[in-house]
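Read through the structure below, which is laid out as C-alpha coordinates, and then see the notes.
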Amino acid sequence: MSLKRAISAAAIFSIIVPTGLFMSAAGSTAATSQVTFLSEDVPAGLDYDGPSAAIPASQVGMVNLMEPLVYYKKSGKSPTGVNLLKFGYNPADFQGRLAESVTKNGLVWTFKLRKNVVGCKGEKFTADDVIYTFARAKSVSGAAPIGYFLSAVGGIKDFATFDGKVPLGDEVKKIDDYTVQITQEKENKLFLPALTIFGLGMFDKEGMEAQKTATDPWSHDYANTVNLPSFGPYCLSKWTKGSEFVLTANPKYYGGKPAISKIVLRKVPQSANRLAAIRTGAAQLTERLTPKEFSSLKGVKGVSVGSVVGNESLFLNMNYKVAPWDNIKVRQAVAYAINYDKMIKNAYYGQAKKWKSLVPSTYPGYSVPKTQYSYDPAKAKALLAASGYKDDGSLKLTYVAEKESILGPVVTQIKADLKAIGLNVQLDPLPQTQFGDRQLTKRDLPFAVNDQEKPIGVDAGYATYLFFITGGLNNMDNYSSKFVDDTYQAIATEADTVKRNAGLAAIQEQLAKDVAWVPVVEFATQWAFSSKLSGITWHPDNCVRFFDLKI
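The sequence shown begins at 62 in my numbering and counts up by one.
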(Lines of atoms letter the chains of each structure in order from A and count residues from 1; the text may use other names and numbers.)
(Lines give C-alpha, C1' and ligand atoms only; values in the text may rest on other atoms or scores of the structure.)
Protein backbone atom coordinates (compact mmCIF):
# COMPACT_ATOMS: atom_id res chain seq x y z
CA MET A 1 0.00 0.00 0.00
CA SER A 2 1.34 3.45 -0.91
CA LEU A 3 1.98 6.00 1.83
CA LYS A 4 -0.71 8.26 0.39
CA ARG A 5 -3.30 5.48 0.41
CA ALA A 6 -2.32 4.36 3.90
CA ILE A 7 -2.77 7.89 5.22
CA SER A 8 -6.08 8.21 3.39
CA ALA A 9 -7.41 4.96 4.82
CA ALA A 10 -6.27 5.92 8.30
CA ALA A 11 -7.97 9.28 7.99
CA ILE A 12 -11.23 7.68 6.93
CA PHE A 13 -11.02 5.25 9.83
CA SER A 14 -10.51 8.05 12.35
CA ILE A 15 -13.40 10.03 10.93
CA ILE A 16 -16.00 7.31 10.84
CA VAL A 17 -15.32 5.31 13.97
CA PRO A 18 -16.03 6.76 17.42
CA THR A 19 -13.66 5.20 19.94
CA GLY A 20 -14.89 1.90 21.35
CA LEU A 21 -18.02 1.70 19.24
CA PHE A 22 -17.03 -1.13 16.90
CA MET A 23 -14.80 -4.16 16.92
CA SER A 24 -13.28 -5.52 13.71
CA ALA A 25 -15.50 -7.26 11.17
CA ALA A 26 -14.21 -10.58 12.45
CA GLY A 27 -14.41 -9.62 16.10
CA SER A 28 -17.12 -9.21 18.70
CA THR A 29 -20.61 -7.92 18.08
CA ALA A 30 -20.84 -4.13 18.04
CA ALA A 31 -21.50 -2.50 21.40
CA THR A 32 -24.67 -0.95 20.00
CA SER A 33 -27.03 -1.94 17.20
CA GLN A 34 -25.66 0.61 14.79
CA VAL A 35 -24.70 0.00 11.18
CA THR A 36 -22.38 2.34 9.32
CA PHE A 37 -23.06 2.27 5.59
CA LEU A 38 -20.53 3.84 3.22
CA SER A 39 -21.30 4.90 -0.33
CA GLU A 40 -20.19 7.35 -3.01
CA ASP A 41 -22.66 9.90 -1.70
CA VAL A 42 -25.44 10.58 0.78
CA PRO A 43 -28.91 11.81 -0.17
CA ALA A 44 -28.82 15.15 -1.96
CA GLY A 45 -32.56 15.63 -1.57
CA LEU A 46 -35.65 13.69 -0.52
CA ASP A 47 -38.47 15.00 -2.71
CA TYR A 48 -39.28 12.20 -5.13
CA ASP A 49 -40.88 14.69 -7.50
CA GLY A 50 -37.58 16.52 -7.99
CA PRO A 51 -34.19 16.01 -9.67
CA SER A 52 -32.75 14.35 -6.56
CA ALA A 53 -34.83 11.31 -7.45
CA ALA A 54 -32.29 10.48 -10.17
CA ILE A 55 -29.53 10.07 -7.58
CA PRO A 56 -29.16 6.55 -6.13
CA ALA A 57 -28.15 7.82 -2.69
CA SER A 58 -31.28 9.99 -2.50
CA GLN A 59 -33.40 6.98 -3.35
CA VAL A 60 -31.85 5.15 -0.38
CA GLY A 61 -33.12 7.91 1.88
CA MET A 62 -36.58 7.90 0.36
CA VAL A 63 -37.22 4.15 0.56
CA ASN A 64 -36.16 3.94 4.20
CA LEU A 65 -38.23 6.92 5.37
CA MET A 66 -41.38 6.19 3.37
CA GLU A 67 -43.75 3.27 3.03
CA PRO A 68 -45.76 2.03 0.02
CA LEU A 69 -49.31 0.72 0.00
CA VAL A 70 -48.16 -2.69 -1.28
CA TYR A 71 -44.88 -4.43 -2.04
CA TYR A 72 -43.44 -7.63 -3.47
CA LYS A 73 -43.09 -10.80 -1.41
CA LYS A 74 -39.71 -12.34 -0.64
CA SER A 75 -38.91 -15.55 -2.47
CA GLY A 76 -35.63 -17.46 -2.26
CA LYS A 77 -32.00 -16.40 -2.25
CA SER A 78 -29.24 -15.72 -4.76
CA PRO A 79 -26.23 -18.09 -4.86
CA THR A 80 -24.41 -15.66 -2.54
CA GLY A 81 -27.25 -15.60 0.01
CA VAL A 82 -28.95 -12.33 -0.92
CA ASN A 83 -32.72 -12.42 -0.39
CA LEU A 84 -34.77 -12.18 -3.57
CA LEU A 85 -38.28 -10.98 -4.34
CA LYS A 86 -41.06 -12.57 -6.34
CA PHE A 87 -42.14 -10.28 -9.17
CA GLY A 88 -45.51 -10.40 -10.86
CA TYR A 89 -48.64 -8.47 -11.73
CA ASN A 90 -51.48 -10.09 -9.79
CA PRO A 91 -52.62 -9.35 -6.20
CA ALA A 92 -51.34 -12.76 -5.06
CA ASP A 93 -47.80 -11.66 -5.98
CA PHE A 94 -47.86 -8.77 -3.48
CA GLN A 95 -48.02 -8.28 0.25
CA GLY A 96 -49.89 -5.53 2.02
CA ARG A 97 -47.87 -2.73 3.53
CA LEU A 98 -49.84 0.36 4.49
CA ALA A 99 -52.74 -1.38 2.79
CA GLU A 100 -53.71 -4.46 4.75
CA SER A 101 -55.62 -5.97 1.83
CA VAL A 102 -56.42 -5.23 -1.81
CA THR A 103 -59.41 -6.42 -3.84
CA LYS A 104 -60.40 -5.77 -7.44
CA ASN A 105 -63.82 -5.41 -9.04
CA GLY A 106 -63.53 -4.58 -12.73
CA LEU A 107 -61.49 -1.38 -12.95
CA VAL A 108 -61.97 -0.48 -9.27
CA TRP A 109 -59.38 -1.46 -6.69
CA THR A 110 -60.31 -1.29 -3.01
CA PHE A 111 -57.56 -0.83 -0.43
CA LYS A 112 -58.30 -1.62 3.20
CA LEU A 113 -55.74 0.41 5.12
CA ARG A 114 -53.81 -0.78 8.10
CA LYS A 115 -54.91 0.73 11.42
CA ASN A 116 -52.63 1.92 14.21
CA VAL A 117 -49.85 2.98 11.82
CA VAL A 118 -47.86 5.78 13.43
CA GLY A 119 -45.30 8.12 11.89
CA CYS A 120 -42.12 9.52 13.37
CA LYS A 121 -43.89 12.37 15.15
CA GLY A 122 -46.88 10.37 16.31
CA GLU A 123 -49.14 11.05 13.33
CA LYS A 124 -51.68 8.35 12.53
CA PHE A 125 -52.00 7.02 8.99
CA THR A 126 -55.47 7.29 7.42
CA ALA A 127 -57.12 7.55 4.02
CA ASP A 128 -56.46 11.30 4.08
CA ASP A 129 -52.73 10.61 3.66
CA VAL A 130 -53.42 8.50 0.56
CA ILE A 131 -55.64 11.19 -0.94
CA TYR A 132 -52.99 13.83 -0.22
CA THR A 133 -50.27 11.74 -1.88
CA PHE A 134 -52.21 11.29 -5.11
CA ALA A 135 -53.48 14.89 -5.10
CA ARG A 136 -49.86 16.06 -4.81
CA ALA A 137 -48.90 13.76 -7.66
CA LYS A 138 -51.70 15.08 -9.87
CA SER A 139 -50.67 18.68 -9.21
CA VAL A 140 -47.56 18.08 -11.37
CA SER A 141 -45.93 20.74 -9.22
CA GLY A 142 -42.51 19.11 -8.85
CA ALA A 143 -39.60 19.58 -11.23
CA ALA A 144 -39.71 15.85 -12.06
CA PRO A 145 -43.30 14.63 -11.51
CA ILE A 146 -42.57 11.00 -10.72
CA GLY A 147 -45.74 10.47 -8.69
CA TYR A 148 -47.84 11.51 -11.68
CA PHE A 149 -45.74 9.39 -14.04
CA LEU A 150 -46.24 6.26 -11.93
CA SER A 151 -49.97 6.91 -11.65
CA ALA A 152 -50.10 7.13 -15.44
CA VAL A 153 -47.96 4.00 -15.82
CA GLY A 154 -50.47 2.11 -13.70
CA GLY A 155 -53.36 3.36 -15.81
CA ILE A 156 -55.14 5.32 -13.07
CA LYS A 157 -58.12 7.19 -14.50
CA ASP A 158 -57.49 10.80 -15.61
CA PHE A 159 -53.71 10.58 -15.17
CA ALA A 160 -52.53 11.12 -18.72
CA THR A 161 -51.97 14.74 -19.68
CA PHE A 162 -49.30 15.94 -17.21
CA ASP A 163 -50.86 19.43 -17.29
CA GLY A 164 -51.52 19.77 -13.55
CA LYS A 165 -54.64 21.83 -14.19
CA VAL A 166 -57.21 19.23 -13.20
CA PRO A 167 -57.28 18.44 -9.47
CA LEU A 168 -57.72 14.95 -8.10
CA GLY A 169 -61.25 13.67 -8.52
CA ASP A 170 -62.98 10.44 -7.58
CA GLU A 171 -60.37 8.34 -9.40
CA VAL A 172 -58.77 8.09 -5.94
CA LYS A 173 -61.62 8.21 -3.45
CA LYS A 174 -61.88 8.03 0.32
CA ILE A 175 -64.64 5.65 1.37
CA ASP A 176 -63.94 5.96 5.09
CA ASP A 177 -60.90 6.62 7.28
CA TYR A 178 -59.40 3.24 6.43
CA THR A 179 -60.74 2.47 2.97
CA VAL A 180 -59.65 3.94 -0.37
CA GLN A 181 -60.78 3.09 -3.88
CA ILE A 182 -58.63 3.68 -6.98
CA THR A 183 -60.16 3.45 -10.46
CA GLN A 184 -58.22 2.60 -13.60
CA GLU A 185 -58.92 4.01 -17.07
CA LYS A 186 -58.41 0.57 -18.61
CA GLU A 187 -56.98 -2.74 -17.53
CA ASN A 188 -53.24 -2.31 -17.04
CA LYS A 189 -50.98 -4.97 -15.56
CA LEU A 190 -48.48 -2.37 -14.29
CA PHE A 191 -50.89 -0.95 -11.69
CA LEU A 192 -49.65 -2.86 -8.63
CA PRO A 193 -45.97 -2.84 -9.69
CA ALA A 194 -46.16 0.97 -10.00
CA LEU A 195 -47.42 1.24 -6.41
CA THR A 196 -44.26 -0.47 -5.11
CA ILE A 197 -41.93 2.23 -6.47
CA PHE A 198 -40.58 4.99 -4.21
CA GLY A 199 -42.33 7.69 -6.26
CA LEU A 200 -45.68 6.60 -4.79
CA GLY A 201 -44.59 6.25 -1.19
CA MET A 202 -47.24 7.66 1.13
CA PHE A 203 -46.75 11.11 2.62
CA ASP A 204 -47.89 12.15 6.08
CA LYS A 205 -50.41 14.82 5.09
CA GLU A 206 -50.31 16.54 8.48
CA GLY A 207 -46.52 16.79 8.50
CA MET A 208 -46.35 18.02 4.91
CA GLU A 209 -49.12 20.60 5.16
CA ALA A 210 -47.50 22.09 8.25
CA GLN A 211 -44.59 23.12 6.02
CA LYS A 212 -46.44 24.50 2.99
CA THR A 213 -46.09 28.11 1.86
CA ALA A 214 -47.97 30.33 -0.54
CA THR A 215 -45.38 29.68 -3.24
CA ASP A 216 -44.85 26.01 -2.37
CA PRO A 217 -48.27 24.60 -1.39
CA TRP A 218 -47.07 20.98 -1.73
CA SER A 219 -43.95 21.44 0.43
CA HIS A 220 -41.45 20.38 -2.21
CA ASP A 221 -38.66 22.46 -0.73
CA TYR A 222 -39.17 21.11 2.78
CA ALA A 223 -39.30 17.50 1.61
CA ASN A 224 -36.23 17.98 -0.53
CA THR A 225 -34.00 19.82 1.91
CA VAL A 226 -35.23 19.22 5.48
CA ASN A 227 -37.24 16.05 6.10
CA LEU A 228 -39.69 13.61 4.56
CA PRO A 229 -42.79 13.08 6.74
CA SER A 230 -44.08 9.55 6.25
CA PHE A 231 -44.66 6.22 7.99
CA GLY A 232 -41.53 4.21 7.29
CA PRO A 233 -39.37 2.12 9.63
CA TYR A 234 -36.81 4.89 10.16
CA CYS A 235 -36.82 8.55 11.10
CA LEU A 236 -34.32 11.19 10.02
CA SER A 237 -32.26 12.44 12.96
CA LYS A 238 -29.32 14.20 11.26
CA TRP A 239 -28.52 15.30 7.73
CA THR A 240 -25.26 16.99 6.84
CA LYS A 241 -25.44 17.58 3.09
CA GLY A 242 -22.62 15.98 1.18
CA SER A 243 -21.33 14.20 4.27
CA GLU A 244 -23.65 12.26 6.57
CA PHE A 245 -27.24 11.04 6.82
CA VAL A 246 -28.34 9.47 10.12
CA LEU A 247 -31.51 7.45 10.67
CA THR A 248 -32.98 6.15 13.92
CA ALA A 249 -35.55 3.39 14.25
CA ASN A 250 -39.21 4.34 14.37
CA PRO A 251 -40.21 2.62 17.66
CA LYS A 252 -43.87 2.60 16.64
CA TYR A 253 -43.37 1.16 13.15
CA TYR A 254 -46.31 -1.12 12.38
CA GLY A 255 -43.99 -3.92 11.26
CA GLY A 256 -42.20 -3.96 14.61
CA LYS A 257 -39.23 -1.96 15.80
CA PRO A 258 -36.27 -2.38 13.42
CA ALA A 259 -33.49 -4.66 14.65
CA ILE A 260 -30.88 -1.99 13.84
CA SER A 261 -31.59 1.03 16.00
CA LYS A 262 -29.32 3.47 14.17
CA ILE A 263 -28.08 3.72 10.59
CA VAL A 264 -25.24 6.08 9.71
CA LEU A 265 -24.78 6.73 6.00
CA ARG A 266 -21.48 8.41 5.17
CA LYS A 267 -20.09 9.75 1.95
CA VAL A 268 -16.73 8.21 1.10
CA PRO A 269 -16.18 8.86 -2.61
CA GLN A 270 -13.02 6.82 -3.04
CA SER A 271 -13.85 3.14 -3.31
CA ALA A 272 -10.41 2.20 -1.95
CA ASN A 273 -11.29 3.95 1.31
CA ARG A 274 -14.63 2.17 1.51
CA LEU A 275 -12.80 -1.09 0.94
CA ALA A 276 -10.36 -0.32 3.75
CA ALA A 277 -13.22 0.49 6.13
CA ILE A 278 -14.92 -2.84 5.46
CA ARG A 279 -11.66 -4.74 5.89
CA THR A 280 -10.94 -3.13 9.26
CA GLY A 281 -14.51 -3.25 10.56
CA ALA A 282 -14.86 0.53 10.57
CA ALA A 283 -18.05 0.07 8.57
CA GLN A 284 -20.47 -2.82 8.35
CA LEU A 285 -21.80 -2.26 4.84
CA THR A 286 -20.69 -0.70 1.57
CA GLU A 287 -21.56 -0.74 -2.10
CA ARG A 288 -20.19 0.25 -5.51
CA LEU A 289 -16.65 -0.97 -5.06
CA THR A 290 -14.81 -1.80 -8.25
CA PRO A 291 -15.12 -5.38 -9.52
CA LYS A 292 -11.48 -5.98 -8.59
CA GLU A 293 -12.07 -4.70 -5.05
CA PHE A 294 -15.09 -6.93 -4.56
CA SER A 295 -13.02 -9.90 -5.75
CA SER A 296 -10.27 -9.03 -3.27
CA LEU A 297 -12.70 -9.54 -0.37
CA LYS A 298 -13.57 -13.11 -1.19
CA GLY A 299 -12.13 -15.28 1.54
CA VAL A 300 -11.44 -12.37 3.90
CA LYS A 301 -12.40 -13.45 7.41
CA GLY A 302 -15.37 -11.58 8.84
CA VAL A 303 -16.41 -10.06 5.50
CA SER A 304 -19.09 -11.26 3.10
CA VAL A 305 -19.84 -10.28 -0.48
CA GLY A 306 -23.38 -10.59 -1.77
CA SER A 307 -24.39 -10.25 -5.40
CA VAL A 308 -27.45 -10.44 -7.62
CA VAL A 309 -27.78 -10.29 -11.38
CA GLY A 310 -30.62 -7.79 -11.37
CA ASN A 311 -30.97 -4.74 -13.59
CA GLU A 312 -27.71 -2.79 -13.52
CA SER A 313 -26.04 -1.78 -16.76
CA LEU A 314 -23.75 0.74 -18.39
CA PHE A 315 -24.69 2.62 -21.53
CA LEU A 316 -23.84 5.68 -23.59
CA ASN A 317 -26.52 8.27 -24.19
CA MET A 318 -26.36 10.78 -27.04
CA ASN A 319 -28.80 13.70 -27.14
CA TYR A 320 -31.04 13.85 -30.19
CA LYS A 321 -31.35 17.63 -29.83
CA VAL A 322 -27.61 18.31 -29.88
CA ALA A 323 -25.33 18.05 -32.92
CA PRO A 324 -23.58 15.85 -33.94
CA TRP A 325 -25.49 13.30 -31.87
CA ASP A 326 -28.66 13.93 -33.86
CA ASN A 327 -26.89 12.31 -36.83
CA ILE A 328 -27.71 8.59 -36.99
CA LYS A 329 -24.41 7.79 -38.72
CA VAL A 330 -22.44 9.38 -35.88
CA ARG A 331 -24.46 7.38 -33.38
CA GLN A 332 -23.84 4.18 -35.30
CA ALA A 333 -20.14 5.00 -35.56
CA VAL A 334 -19.90 5.26 -31.78
CA ALA A 335 -21.72 1.94 -31.35
CA TYR A 336 -19.24 0.18 -33.63
CA ALA A 337 -16.21 1.95 -32.13
CA ILE A 338 -16.46 0.48 -28.63
CA ASN A 339 -14.26 -2.53 -27.88
CA TYR A 340 -16.80 -4.33 -25.72
CA ASP A 341 -14.71 -7.41 -24.95
CA LYS A 342 -11.75 -5.30 -23.88
CA MET A 343 -13.95 -3.29 -21.53
CA ILE A 344 -15.42 -6.41 -19.95
CA LYS A 345 -11.93 -7.80 -19.41
CA ASN A 346 -10.10 -4.66 -18.24
CA ALA A 347 -12.70 -2.39 -16.62
CA TYR A 348 -14.94 -5.13 -15.18
CA TYR A 349 -12.38 -7.91 -14.67
CA GLY A 350 -14.64 -10.32 -16.50
CA GLN A 351 -17.57 -9.61 -14.15
CA ALA A 352 -19.93 -8.27 -16.81
CA LYS A 353 -21.49 -9.30 -20.10
CA LYS A 354 -22.32 -7.42 -23.27
CA TRP A 355 -25.77 -5.86 -23.07
CA LYS A 356 -27.74 -6.76 -26.18
CA SER A 357 -30.88 -4.66 -25.76
CA LEU A 358 -32.08 -1.60 -23.86
CA VAL A 359 -34.13 -3.58 -21.34
CA PRO A 360 -32.56 -5.63 -18.52
CA SER A 361 -32.13 -9.21 -19.72
CA THR A 362 -33.78 -10.48 -16.51
CA TYR A 363 -37.08 -8.64 -17.18
CA PRO A 364 -40.35 -9.98 -18.61
CA GLY A 365 -40.64 -8.77 -22.20
CA TYR A 366 -36.89 -8.64 -22.83
CA SER A 367 -35.95 -9.45 -26.41
CA VAL A 368 -32.64 -9.52 -28.29
CA PRO A 369 -32.93 -7.30 -31.39
CA LYS A 370 -31.61 -8.54 -34.72
CA THR A 371 -29.77 -5.23 -35.02
CA GLN A 372 -26.57 -5.56 -33.02
CA TYR A 373 -23.37 -3.52 -32.84
CA SER A 374 -20.05 -5.26 -32.32
CA TYR A 375 -16.54 -3.86 -32.27
CA ASP A 376 -15.73 -2.88 -35.85
CA PRO A 377 -13.46 0.20 -36.03
CA ALA A 378 -13.28 0.08 -39.84
CA LYS A 379 -17.06 0.28 -40.14
CA ALA A 380 -17.10 3.01 -37.47
CA LYS A 381 -14.61 5.10 -39.47
CA ALA A 382 -16.63 4.67 -42.65
CA LEU A 383 -19.86 5.72 -40.92
CA LEU A 384 -18.18 8.76 -39.37
CA ALA A 385 -16.85 9.80 -42.78
CA ALA A 386 -20.29 9.32 -44.35
CA SER A 387 -21.89 11.44 -41.62
CA GLY A 388 -20.13 14.57 -42.83
CA TYR A 389 -19.13 15.51 -39.30
CA LYS A 390 -15.75 17.22 -39.00
CA ASP A 391 -14.19 16.74 -35.59
CA ASP A 392 -13.06 19.98 -33.95
CA GLY A 393 -12.08 18.61 -30.54
CA SER A 394 -15.07 20.24 -28.81
CA LEU A 395 -16.97 17.10 -27.83
CA LYS A 396 -17.22 16.15 -24.17
CA LEU A 397 -17.99 12.81 -22.52
CA THR A 398 -19.78 13.45 -19.23
CA TYR A 399 -19.93 11.10 -16.25
CA VAL A 400 -20.54 11.26 -12.49
CA ALA A 401 -17.42 12.54 -10.73
CA GLU A 402 -18.10 10.57 -7.54
CA LYS A 403 -17.89 7.37 -9.60
CA GLU A 404 -14.30 7.96 -10.73
CA SER A 405 -13.08 4.72 -9.14
CA ILE A 406 -15.49 2.66 -11.23
CA LEU A 407 -16.03 4.81 -14.31
CA GLY A 408 -12.47 6.11 -14.70
CA PRO A 409 -11.24 3.01 -16.57
CA VAL A 410 -14.48 2.92 -18.60
CA VAL A 411 -14.35 6.50 -19.87
CA THR A 412 -10.61 6.28 -20.49
CA GLN A 413 -11.15 3.34 -22.81
CA ILE A 414 -14.12 4.97 -24.54
CA LYS A 415 -12.03 8.07 -25.18
CA ALA A 416 -9.28 5.93 -26.72
CA ASP A 417 -11.74 3.88 -28.80
CA LEU A 418 -13.33 7.03 -30.22
CA LYS A 419 -9.98 8.67 -30.91
CA ALA A 420 -9.05 5.63 -32.98
CA ILE A 421 -11.93 6.35 -35.39
CA GLY A 422 -11.35 10.11 -35.51
CA LEU A 423 -13.57 11.42 -32.71
CA ASN A 424 -11.67 13.35 -30.06
CA VAL A 425 -13.62 13.76 -26.84
CA GLN A 426 -12.67 15.44 -23.60
CA LEU A 427 -13.62 13.80 -20.31
CA ASP A 428 -16.13 15.86 -18.34
CA PRO A 429 -16.75 14.64 -14.77
CA LEU A 430 -19.75 16.33 -13.12
CA PRO A 431 -20.86 16.23 -9.47
CA GLN A 432 -23.70 13.77 -8.92
CA THR A 433 -26.28 16.48 -8.18
CA GLN A 434 -25.49 18.40 -11.38
CA PHE A 435 -25.51 15.25 -13.46
CA GLY A 436 -28.90 14.22 -12.08
CA ASP A 437 -30.43 17.65 -12.66
CA ARG A 438 -29.18 17.88 -16.24
CA GLN A 439 -30.31 14.33 -16.99
CA LEU A 440 -33.76 14.28 -15.41
CA THR A 441 -34.99 17.88 -15.60
CA LYS A 442 -32.92 19.86 -18.12
CA ARG A 443 -32.19 16.90 -20.42
CA ASP A 444 -29.28 18.78 -21.94
CA LEU A 445 -26.36 16.38 -21.51
CA PRO A 446 -25.00 15.95 -25.06
CA PHE A 447 -22.95 12.78 -24.58
CA ALA A 448 -22.67 10.83 -21.35
CA VAL A 449 -21.79 7.52 -19.72
CA ASN A 450 -24.44 6.26 -17.34
CA ASP A 451 -24.34 3.28 -14.98
CA GLN A 452 -26.97 4.32 -12.44
CA GLU A 453 -30.24 4.37 -14.36
CA LYS A 454 -32.44 1.31 -14.17
CA PRO A 455 -36.15 0.69 -14.72
CA ILE A 456 -37.44 0.02 -11.20
CA GLY A 457 -40.65 -1.42 -12.58
CA VAL A 458 -39.70 -5.00 -13.42
CA ASP A 459 -41.13 -5.04 -16.92
CA ALA A 460 -39.94 -4.16 -20.44
CA GLY A 461 -43.05 -2.03 -20.98
CA TYR A 462 -42.25 0.04 -17.92
CA ALA A 463 -38.69 0.58 -19.21
CA THR A 464 -40.06 1.73 -22.56
CA TYR A 465 -42.48 4.20 -20.99
CA LEU A 466 -39.84 5.58 -18.65
CA PHE A 467 -36.98 6.12 -21.09
CA PHE A 468 -38.16 6.10 -24.71
CA ILE A 469 -41.71 7.40 -25.15
CA THR A 470 -41.71 10.92 -26.60
CA GLY A 471 -41.54 13.29 -23.63
CA GLY A 472 -41.16 10.39 -21.19
CA LEU A 473 -40.21 11.21 -17.63
CA ASN A 474 -36.59 10.06 -17.95
CA ASN A 475 -36.15 10.36 -21.72
CA MET A 476 -32.73 11.87 -21.15
CA ASP A 477 -31.80 11.84 -24.86
CA ASN A 478 -34.98 13.53 -26.12
CA TYR A 479 -35.55 10.46 -28.28
CA SER A 480 -38.75 10.40 -30.32
CA SER A 481 -40.18 7.69 -32.56
CA LYS A 482 -43.76 7.55 -33.81
CA PHE A 483 -43.40 3.79 -34.23
CA VAL A 484 -42.28 3.31 -30.63
CA ASP A 485 -45.00 5.64 -29.30
CA ASP A 486 -47.79 4.02 -31.32
CA THR A 487 -46.66 0.47 -30.61
CA TYR A 488 -46.44 1.12 -26.89
CA GLN A 489 -49.92 2.65 -26.80
CA ALA A 490 -51.26 -0.39 -28.64
CA ILE A 491 -49.85 -2.85 -26.10
CA ALA A 492 -50.09 -0.81 -22.88
CA THR A 493 -53.37 -2.46 -21.94
CA GLU A 494 -52.87 -5.72 -23.84
CA ALA A 495 -53.77 -8.68 -21.62
CA ASP A 496 -52.40 -11.33 -23.99
CA THR A 497 -48.78 -11.88 -22.95
CA VAL A 498 -47.72 -13.24 -26.35
CA LYS A 499 -49.11 -10.21 -28.20
CA ARG A 500 -47.69 -7.81 -25.64
CA ASN A 501 -44.23 -9.36 -25.84
CA ALA A 502 -44.32 -9.24 -29.64
CA GLY A 503 -44.97 -5.51 -29.46
CA LEU A 504 -42.19 -5.04 -26.93
CA ALA A 505 -39.80 -6.99 -29.17
CA ALA A 506 -40.66 -4.71 -32.10
CA ILE A 507 -39.99 -1.67 -29.90
CA GLN A 508 -36.60 -3.01 -28.84
CA GLU A 509 -35.70 -3.65 -32.50
CA GLN A 510 -36.55 -0.05 -33.39
CA LEU A 511 -34.55 1.30 -30.44
CA ALA A 512 -31.54 -0.67 -31.66
CA LYS A 513 -31.89 0.60 -35.23
CA ASP A 514 -32.13 4.18 -33.97
CA VAL A 515 -29.24 3.73 -31.50
CA ALA A 516 -31.48 5.28 -28.86
CA TRP A 517 -28.66 4.42 -26.46
CA VAL A 518 -25.48 2.43 -26.94
CA PRO A 519 -25.94 -0.52 -24.56
CA VAL A 520 -22.49 -1.57 -23.36
CA VAL A 521 -22.55 -4.07 -20.49
CA GLU A 522 -24.74 -5.58 -17.79
CA PHE A 523 -23.20 -6.28 -14.40
CA ALA A 524 -24.22 -7.66 -11.01
CA THR A 525 -25.34 -5.56 -8.06
CA GLN A 526 -22.92 -6.23 -5.20
CA TRP A 527 -22.44 -5.34 -1.54
CA ALA A 528 -19.61 -5.98 0.90
CA PHE A 529 -20.61 -6.32 4.53
CA SER A 530 -19.67 -7.68 7.92
CA SER A 531 -20.35 -11.38 8.24
CA LYS A 532 -22.25 -10.47 11.42
CA LEU A 533 -24.80 -8.66 9.26
CA SER A 534 -27.68 -10.57 7.68
CA GLY A 535 -30.82 -9.79 5.73
CA ILE A 536 -29.41 -8.10 2.61
CA THR A 537 -32.21 -8.12 0.05
CA TRP A 538 -32.18 -7.16 -3.61
CA HIS A 539 -34.82 -4.61 -4.56
CA PRO A 540 -35.19 -3.37 -8.15
CA ASP A 541 -34.14 0.16 -7.16
CA ASN A 542 -30.91 -1.43 -5.81
CA CYS A 543 -31.43 0.33 -2.48
CA VAL A 544 -30.81 -1.49 0.79
CA ARG A 545 -33.86 -1.57 3.07
CA PHE A 546 -32.39 -1.23 6.54
CA PHE A 547 -35.44 -2.82 8.13
CA ASP A 548 -34.36 -6.07 6.44
CA LEU A 549 -31.07 -6.10 8.35
CA LYS A 550 -30.01 -7.82 11.56
CA ILE A 551 -26.66 -7.89 13.32
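Virtual Cβ for every residue (Gly too), placed ideally from N, Cα, C. Keep in mind the model is a prediction, meaning the values are calculated, not measured.
Pairing residue 425 with residue 466, the inter-Cα distance amounts to about 32 angstroms.
Only residues of its own chain outside the window of five on either side were considered, and among them 242 have a CB closer than 6 angstroms to the CB of residue 234, listed in chain order. For residue 413, there is no enclosing alpha helix (DSSP H); the enclosing beta strand (DSSP E) has its first and last residue at 413-415. The shortest C-alpha to C-alpha distance from residue 545 to any of 536, 568, 555, 533 is the one to 568. In the three-state scheme derived from DSSP, where H, G and I count as helix and E and B as strand, residue 545 is classed as helix. The three-state reading of DSSP puts residue 202 in coil, since its state is none of H, G, I, E or B.
DSSP places residue 537 outside any alpha helix (DSSP H), giving it a letter other than H or E.
Residue 100 has 328 as its beta-bridge partners, per DSSP.
603 is the residue among 455, 386, 603, 190 whose C-alpha sits nearest the C-alpha of residue 115. Boundaries for residue 475: no beta strand (DSSP E) harbours it, while the alpha helix (DSSP H) harbouring it runs 465-482, taken from the DSSP string.
A direct Cα-Cα distance of roughly 41 angstroms separates residue 607 from residue 547.
Taking a cut-off of 8 angstroms for Cβ pairs, the stretch 117-137 and the stretch 273-292 touch, as three or more such pairs fall below it.
Contact between the stretch 340-357 and the stretch 438-455 is not established, with fewer than three Cβ pairs separated by less than 8 angstroms. For residue 431, the secondary structure class from DSSP, reduced to helix, strand or coil, is coil. If you draw a 10 Å sphere on the C-beta of residue 538, you find 16 or more other C-beta atoms in it, and that means buried. Beta-bridge partners assigned by DSSP to residue 525: none are found. In the structure shown, the three-state DSSP call for residue 607 is helix. When the five nearest sequence neighbours on each side are left out, the beta carbons in the same chain lying within less than 7 angstroms of the beta carbon of residue 250 are those of 150, in order along the chain. Here residue 524 has 420, 516 as same chain residues with Cβ atoms under 6 angstroms from its own Cβ, once five neighbours each way along the sequence are excluded.
Taking C-beta atoms as the reference points, residue 565 and residue 508 fail to come closer than 8 angstroms. Residue 110 and residue 281 do touch by the CB rule: their CB atoms are close to 7 angstroms apart, below 8 angstroms. In the structure shown, residue 146 falls within a strand segment according to DSSP collapsed to helix, strand and coil. Residue pairing by DSSP places residue 237 opposite 240 in a beta bridge. Residue 219 carries a coil assignment under DSSP once its states are collapsed to helix, strand and coil. Secondary structure at residue 376: strand, using DSSP grouped into helix, strand and coil. In this chain, the beta strand (DSSP E) harbouring residue 509 covers 508-511.
Residue 488 places its beta carbon 8 angstroms or farther from that of residue 535.
Cβ contact annotation for residue 429 (same chain, cutoff 7 angstroms, sequence separation greater than five): 417, 418, in chain order.
Relative to the Cα of residue 529, the nearest Cα in the group 179, 299, 575 belongs to 575. In this chain, the alpha helix (DSSP H) harbouring residue 448 covers 438-448. Close CB contacts of residue 219 within its chain, under the 7 angstroms cut and outside five residues either way in sequence, are with 227, 230, 232 (chain order). Between residue 346 and residue 594 a beta carbon distance of about 6 angstroms is seen, short of the 8 angstroms cut, so the two are scored as contacting. Counting only residues of its own chain and dropping the five nearest sequence neighbours on each side, residue 189 has a CB closer than 6 angstroms to the CB of 266.
Annotation for residue 256: the continuous alpha helix (DSSP H) segment containing it runs 252-256. DSSP places residue 356 in the uninterrupted alpha helix (DSSP H) bounded by 352-357. Under the three-state reduction of DSSP output, residue 112 falls in the helix class.
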